[in-house]
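Numbering (numbering that gives the first Met the number 0), first residue to last: 0 to 373. All C-beta atoms in this analysis are idealised placements derived from N, C-alpha and C, irrespective of residue type, glycine included.
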Amino acid sequence: MTEKDAAETEDFLRSIINASPVAVITTNERGEILIFSREAEAAFGYRESEVLGKNVHVLMPEPDKSRHDGYMRRYLDTGEARIIGRARPVSARRKSGETFPAVLHISEFTDGERIFVGFVEDVTHQKATERRLEDTQLQLQHAGRIGAMGEIATSIAHELNQPLTAAASLAGAAALTMKKPGDQAREDALALIDDAVSEIQRASGVIRQMRNFLRNRETTRHPQSVNRIVEESCLIALIGAETDGVMIKSDLDNTTGDANVDRIQLQQVVINLIRNAIDAMQETTVKDLSISTRRQDGMVEISIADTGPGIHEDMKARLFQPFATTKEDGMGIGLSISKSIIDSYDGELFARKNHPSGAIFTVRIPAADGDAVR
Ligand code: ADP
């Protein structure tokens with residue numbers, strides 16, 4: 000290949016990478032960024048020139064950021080692939096410090112040395128919809144069907160408004176374009192109609208999802224990994240949360256094991272505790288959020304600790320009562336629902352003081368395979 004050919008091939012590859020609708024990031028074996036596609040620039044808020052040669056862990060929040068070099072070393076040493084070749088949900092970090100939920104797929108190839116290609120899809124919108132739906136579901140469970148209808152209607156209106164407005168204006172534009180003479184106008188109009196159709200399909204997707212959520216979900220319990228549920232909950236809880244300056248530490252003991260639970264229910268509990276912890280630290284300067292799990296005496300324990308102001312004196316006696324809240328926009332139902340879920344597992348949910356400041360909420364439930372000593 001001549002030099003000119005090589006340059007042309009490279010330009011061609013570059014154009015393909017930049018045309019990708021998901022962010023494409025390539026790194027060498029040391030994790031140094033080699034290519035940062037246009038979509039990556041849009042998703043992460045960095046220019047390519049700012050991150051070239053930097054370690055890819057700048058794009059991750061803790062704890063992955065600190066662990067990433069170790070993951071890579073282990074993979075290069077042992078060939079044991081934890082995430083290569085599989086798509087998995089991760090939390091990613093923008094230049095602004097904001098985190099967002101994403102699906103990551105990594106492939107590798109050899110070009111003298113090993114090159115890793117990461118495809119990162121920002122699923123914020125998708126997750127935000129799911130979360131709003133979950134919130135609605137949570138409120139529905141508590142407040143009873145009639146009381147929650149207003150909330151549901153608001154969510155539906157919000158989620159449907161956007162694609163339907165877009166579809167209406169695309170259809171309007173198509174009608175205008177159609178009035179112009181010539182084949183090009185016809186083609187343009189068809190393209191606009193296609194776009195309108197996909198917006199309408201998006202709207203019908205929202206309705207389908209709503210229907211699934213509104214269907215009275217039966218809870219099914221089976222033994223499943225508590226660490227995994229905690230990881231997933233953490234991801235959901237951090238979406239859209241005010242996490243600026245929050246240091247997240249997670250210490251999930253690998254002896255924690257399974258508990259016999261309904262996954263969504265336990266997620267609701269953990270998500271609620273994490274969101275409360277983040278809410279509590281809005282005004283404090285030290286913002287440490289520690290999420291840990293362990294196993295003790297046949298019980299599985301999940302603890303969420305924060306460095307906020309701790310539980311308000313007035314709240315102490317009513318913490319788990321419904322509609323008890325100190326927040327302006329609070330509903331005061333999160334902890335009461337959480338407690339009833341954990342009670343139904345023969346477990347306990349309790350709060351204590353963190354030192355020097357803040358609160359620690361702990362969930363204890365029987366391990367799936369343990370004789371609980373109680
Ligand atoms: P909401 O968050 O809507 O107020 P919750 O039932 O989840 O409802 O919480 C009830 C109240 O418990 C909160 O308003 C707050 O006063 C208190 N609380 C919960 N978590 C914490 C925490 N981590 N630190 C301090 N107070 C908390």
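Nearest candidate by alpha-carbon position, reference residue i, set the options
i      : options                        : result
Ile16  : Val269, Thr361, Arg37          : Arg37
Met314 : His104, Asn253, Leu334         : Leu334
Glu241 : Glu230, Leu288, Val229, Val260 : Leu288
Ile235 : Asn271, Tyr70, Leu103          : Asn271
Gly52  : Pro88, Ser65, Ile32, Asp68     : Ile32
Val260 : Arg13, Lys286, Ile228          : Ile228
Gly204 : Gln295, Phe360, Lys326, Gln161 : Gln161
Ala188 : Ile199, Leu175, Gly309         : Leu175
Ser65  : Gln281, Ser302, Gly30          : Gly30
Val116 : Ala22, Lys352, Arg72, Ile359   : Ala22
Thr361 : Gly244, Pro321, Ile303         : Ile303
Gly256 : Gly369, Val102, Thr8, Gly44    : Gly369
Val358 : Ser343, Ile290, Gly44          : It is worth fixing the name first, because residue 358 is Ala in this sequence and not Val. For Ala358, the nearest C-alpha among the options comes from Ile290.
Ala42  : Thr98, Val269, Met71           : Thr98
Arg351 : Ile336, His311, Gly244, Leu58  : His311
Lys326 : His354, Asn275, Ser343         : Asn275
Arg92  : Met246, Asp193, Glu9, Gly69    : Met246
Arg201 : Thr218, Gly181, Thr77, Ala166  : Ala166
Gly96  : Glu7, Leu237, Ala18, Thr218    : Leu237
Asp250 : Val225, Gly244, Pro180         : Val225
Cβ distance (whole Å) where residue i is taken to contact residue j below 8 angstroms
i      : j      : result
Ile34  : Val55  : No, Ile34 and Val55 are not in contact; Cβ-Cβ is about 11 angstroms, not under 8 angstroms.
Glu112 : Asn27  : 6 angstroms
Ile340 : Gln266 : The pair is not a contact, with the Cβ atoms about 10 angstroms apart (cut-off 8 angstroms).
Lys248 : Pro62  : 7 angstroms
Ala367 : Met298 : That belief does not hold up - the Cβ atoms of Ala367 and Met298 are roughly 11 angstroms apart, past 8 angstroms.
Pro100 : Val119 : Going by Cβ atoms, the distance from Pro100 to Val119 rounds to 11 angstroms, so no, they are not a contact pair.
Ser356 : Thr306 : 6 angstroms
Buried versus exposed, by CB contacts within 10 Å (16 or more), residue i
i      : result
Glu300 : buried
Asn253 : exposed
Lys286 : buried
Gly171 : exposed
Thr292 : buried
Ser48  : exposed
Ile277 : buried
Glu158 : buried
Phe11  : exposed
Ile206 : exposed
Gly309 : buried
Phe319 : buried
Ser90  : buried
Pro20  : exposed
Glu186 : exposed
Ser14  : exposed
Gly244 : exposed
Leu191 : buried
Gly146 : Note that Gly146 scores a pLDDT of 39, beneath 50, so its modelled location is shaky; the value from the coordinates is reported in the next line. With fewer than 16 other Cβ atoms within 10 Å, it is exposed.
Element boundaries [alpha helix (DSSP H), containing residue i]
i      : result
Phe43  : 37-43
Ser232 : 225-237
Asp76  : 63-77
Asp252 : That residue, Asp252, is in no alpha helix (DSSP H); it is neither H nor E in DSSP.
Val384 : Coverage of the chain is limited to positions 0 through 373, which leaves residue 384 absent and any answer about it impossible.
Leu334 : 333-343
Opening and closing residue of the beta strand (DSSP E) in which residue i lies
i      : result
Thr98  : 98-110
Asp257 : 257-260
Ser356 : That residue, Ser356, is in no beta strand (DSSP E); it is neither H nor E in DSSP.
Asp296 : Taken as a continuous stretch (DSSP letters only), Asp296 belongs to no beta strand (DSSP E), as it is neither H nor E.
Ile24  : 22-26
Cβ-heavy atom distance, residue i to ligand 2, below 7 angstroms
i      : result
Ala236 : Among the ligands modelled here, namely ligand 1, ligand 2 does not occur.
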